[in-house]
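Report on the following structure.
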């Protein structure tokens, strides 16, 4: 970012689902970033939103968050809510929802999107102060004196259950879609592991004739256990080289999937590790991708599942 830190508003980058909360015409509606209406899935948020003044539109992040906890629940907890069209009491208690609001697009029916962010933010805080409901709160601003201090604060992100910082120019108007120049993601450095290639599948589009979708495993009790799929991070030369090797070293086929000889090690990067009963390994990693092909490393030196388990939330 350019200029003084005072020209920017800094917030945590939340690991949830982006949404708009619309309170109009005597009802409240939640819309996802993909323009899907989430009616009935988060009744506690709809109930809280009915307390907002009519003609209010809020932009924010939907999270699963236990009221007494200082950090949100893992993203996997929120996924259980999304999958239930009408959650029962047990689900509502196990993964209660909260909206962390970071922008106000409409107030009393007036479109605020052309006003500067600093002004919209002040109006948002005023609206939520009158609401006083813990299920809809303002995303706290991160106060720093300079960019060096911001870099130090960013290091704390993972223990706070967030992905890093959002940097937003205080004078910026609201723009839909991907913003360039006025809003920046400053994510934390990825967690990394060295994993062994176990399975491969053909890609899509221009890569549909090449094996570009990979499954990787870690050591556990003398065996390699699958822990993640990844399909980005290699250059074209590496993809072609690996495709030839996969075809020559296939041990079994399961429909479109090929099992391969355990040999090649890859460094994977990811944002977080969550516990998951749905996965054989007992864990799920967030946003896995290939960082590099470790052709210098024998598979015996790949990481163990216990390394990931120690990082799981």
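Residue numbers (this note's numbering): 144 to 456. Don't be surprised by glycine CBs; every beta carbon is placed ideally from N, CA and C.
Delimiting residues of the beta strand (DSSP E) encompassing residue i
i	result
residue 409	408-413
residue 369	366-373
residue 247	240-250
residue 327	326-330
residue 281	279-281
residue 402	400-403
C-beta atoms of residue i and residue j nearer than 9 Å
i	j	result
residue 298	residue 153	no
residue 280	residue 266	no
residue 334	residue 408	no
residue 338	residue 247	no
residue 223	residue 238	yes
residue 202	residue 252	no
residue 177	residue 228	no
residue 432	residue 455	no
residue 171	residue 207	no
Residue i burial status per 10 Å Cβ neighbour count (16 or more: buried)
i	result
residue 445	buried
residue 397	exposed
residue 443	exposed
residue 372	exposed
residue 316	exposed
residue 307	buried
residue 302	exposed
residue 273	exposed
Candidates the options: closest to residue i by CA position
i	options	result
residue 214	399, 330, 420 and 283	283
residue 235	310, 291, 187 and 177	187
residue 161	180, 167, 147 and 329	180
residue 452	430, 424, 432 and 431	424
residue 189	167, 256 and 178	167
residue 261	273, 245 and 157	245
residue 440	406, 207 and 212	406
residue 368	375, 359 and 324	359
residue 400	355, 434, 377 and 430	355
residue 146	422, 325, 269 and 173	325
Residue range of the unbroken alpha helix (DSSP H) whose run includes residue i
i	result
residue 190	186-192
residue 390	379-391
residue 272	260-274
Same chain only: Cβ atoms within 8 Å of residue i, ignoring 5 sequence neighbours per side
i	result
residue 402	341, 342, 393, 394, 395 and 396
residue 169	197
residue 288	148
residue 150	312, 313 and 314
residue 450	336 and 361
Residues near residue i by beta carbon distance below 7 Å, same chain, minus five either side
i	result
residue 276	191 and 194
residue 351	345
residue 384	none
9 Å Cβ cutoff, residue i in contact with chain B
i	result
residue 151	Here there is only one protein chain, and chain B is not present.
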